[in-house]
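**Q** Each residue of the sequence shown is one higher than the one before, counting from 0 in numbering that gives the first Met the number 0.
Glycine included, each C-beta is placed from N, C-alpha and C at the ideal position.
Mind having a look at this structure? Questions to follow.
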Amino acid sequence: MNGLGETRAWLDGLGFTVTDEALWVEALTHGSIGAERDYQRLEFLGDRVLGLAIAEWLYRREAGSEGELAQRLNALVSRATCAGIAHDIGLPEHVRLGKQARDDGAHASDNVLGDVMEALLGANFLETSFSATRE
């Protein structure tokens, strides 16, 4: 398995804690690579970490009803929001894609970028803690 190379400096610059490089390679790897592990399991975990972090943030700062908080939560943790952040931080150039996925433009896909963004949160949660990832 290839290491992270310059991607490690990018992750460090964003404030992620990279100790287990294999975990971060997994978080950045699309299924089209054909690797034994790709980002999907970390995406599952990261989605829950993100949801809990935003739910706590809303609970502490918003006075709305449960329904209003749920609507706001759904807007903040949407795939489009995660993909927008992924674009803002330069994630597309660090996603590991197979040739066909690259040719199909997966590096610019909101679905892929939103999922990988959540996978990065899942990886950081495993490397550090919920508190560090929330920040």
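Between Ala135 and Phe15, what straight-line distance do the alpha-carbon atoms span, to the nearest angstrom?
**A** Outside the displayed range of the chain (0 to 134) lies residue 135, so it cannot be described from this structure.
**Q** Excluding the five sequence neighbours on either side, which residues of its own chain have a C-beta within less than 8 Å of the C-beta of Arg71, listed in chain order?
**A** Excluding positions up to five away in sequence, the list reads Leu57, Glu61 and Gly63.
**Q** Taking the alpha carbon of Gly50 as the point to measure from, which residue in Ala82, Leu75, Asp109 and Asp37 has its own alpha carbon closest?
**A** The shortest C-alpha separation from Gly50 is found at Leu75.
**Q** For Thr127, does the three-state DSSP call read helix, strand or coil?
**A** Note: Thr127 maps to coil in three-state DSSP.
**Q** Gly89 to Leu112, Cα distance in whole Å?
**A** Going from the Cα of Gly89 to the Cα of Leu112 covers about 10 Å.
**Q** With three or more beta-carbon pairs closer than 8 Å as the criterion, would you say the segment 97 to 107 touches the segment 17 to 24?
**A** Output reads no: the segment 17 to 24 does not touch the segment 97 to 107.
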